[in-house]
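Have a look at the structure below, then the notes.
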Amino acid sequence: MEALFPSFQTIRYKSGLIDLQIPQIMGILNATPDSFFSASRVGVIDDCIALAAQMIEEGASILDVGGHSTRPDAQAVSAQEEQDRVLPVIEELRKAFPNICLSVDTYRLSVAQAAIQTGADWFNDVGGGQMDEGIFEWVAENQVPYILTHSVGAFSQVHQVPDYTHVVEDVWLDMAKKINILHTLGAKDVILDPGFGFSKSLDQNYQLMAQLHQFTRLGVPLLVGISRKSMIQKVLGTKADESLNGTTVLHTLALQQGAQILRVHDVKEARQVIQIVKKLQENGLPNLS
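Using our numbering, the letters of the sequence shown correspond one by one to residues 22 to 310.
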C-alpha cells in the first residue's frame, strides 16, 4: 500500500529518538479532578511521580500529561487553570525522569508553549489545530513533535457528531489535508491520531477501527487512544473500571493494522498485547498495514 507522504520510523524528543519500528506505549497522567477514569488522576505531585515510575517500569516510553478533561459533558477550564495543573507536574516529572519523553495533552497553544518551555517534548493536540490560532505555524517554526488528532469544531462541540458522507473517507481526507499543510510549513515530526471518541458516533468509531489500516497510507506514525473509552463501555455495558478486556481486544486489532503508539491507562497489559501480537506476526499473522 503506497504512502502519500514520506514515512518516518523515528520521532524526536529532547533526549533522543523514539523508535517506532517497535510499537511504543504512552502512559496517561491526568492532572484533573474529573477525567473519566479515576485511576489516571494525579492531583498530588507525589502520586504522579509514583504512577509515572510504575508506568515506566512496566514499559511506557512516553508519558502524556493533561490538565483539561475531554470526557463527554466536561466543562472548559481557563488556560491559566490548565497551566496551573500541568506545569508543576511536567516540571517534577522532568526532574525525576530526565530521559523520558513527555507529552502535553491540550488544545491550547499557550498551554503547549508553556509546557514545552517547562520540559515537555511533544504537543498532543485533541483539537487538530482548529481550536486555537497559529498552532501549525508554531509547531513548524519551533520543530515541536506534534500529535494531530481528528476532531471537528470547538471544544464545546467535540462530542457532537457531524454529518459525514462516509466517516472513514472524510476523516482520512481531513487528516491528509492537515498533514500536507504541516509538511508544507516545514513540520518534520507529525503523528496521527484518528480521534476515537471525538466527533463520532458509536458505529463510526468502530468503522474507523475496522479500516484503521487505511491511515497508514498517510505516511506518518499512527497513534491509537481507545483505552477504556465509552465506545467500549457502550458495547459491553460496562463502566470505565470494567473495560480493560475490551481495551485489550481493540489494542490487538489496532496493532495488526499498523498502530505504532498505544495511548493507555494500563501499561503492563498493553505491553503484553504488543508481545503477543509480535509473536503472532513472527509466525504468520497478516499485517493489514
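The beta-carbon is built from N, C-alpha and C at its ideal position, and this holds for glycine as well. The model shown is predicted, which means the values in this text are computed figures rather than measured ones.
{"Query": "Closest residue to S222 among Y185, A135 and L243 (Cα-Cα distance)", "Result": "Y185"}
{"Query": "Same chain only: Cβ atoms within 7 Å of A175, ignoring 5 sequence neighbours per side", "Result": "M152"}
{"Query": "Through-space distance from V211 to D40, alpha-carbon basis", "Result": "14 Å"}
{"Query": "Cut-off 6 Å between Cβ atoms - residues of its own chain near I32, not counting five sequence neighbours on either side", "Result": "I39, P166 and D210"}
{"Query": "Rounded C-alpha distance that separates Q277 from T139", "Result": "36 Å"}
{"Query": "Cβ-Cβ separation, Q225 to V173 (assumed contact under 8 Å), whole Å", "Result": "At roughly 12 Å, the Cβ-Cβ gap does not stay under 8 Å, so V173 and Q225 are not in contact."}
{"Query": "Reduced DSSP secondary structure (H/G/I, E/B, other) of N120", "Result": "coil"}
{"Query": "Spatial neighbours of I70 in its chain, beta-carbon cut-off 8 Å, leaving aside the 5 residues before and after", "Result": "E113, L114 and A117"}
{"Query": "CA nearest to the CA of V245, picked from P183, A275 and P307", "Result": "A275"}
{"Query": "Backbone CA spacing between L301 and V294 [nearest angstrom]", "Result": "11 Å"}
{"Query": "Where the alpha helix (DSSP H) containing V320 begins and where it ends", "Result": "This structure gives no information on residue 320, because the portion of the chain shown stretches from 22 to 310."}
{"Query": "Backbone CA spacing between G80 and G48 [nearest angstrom]", "Result": "9 Å"}
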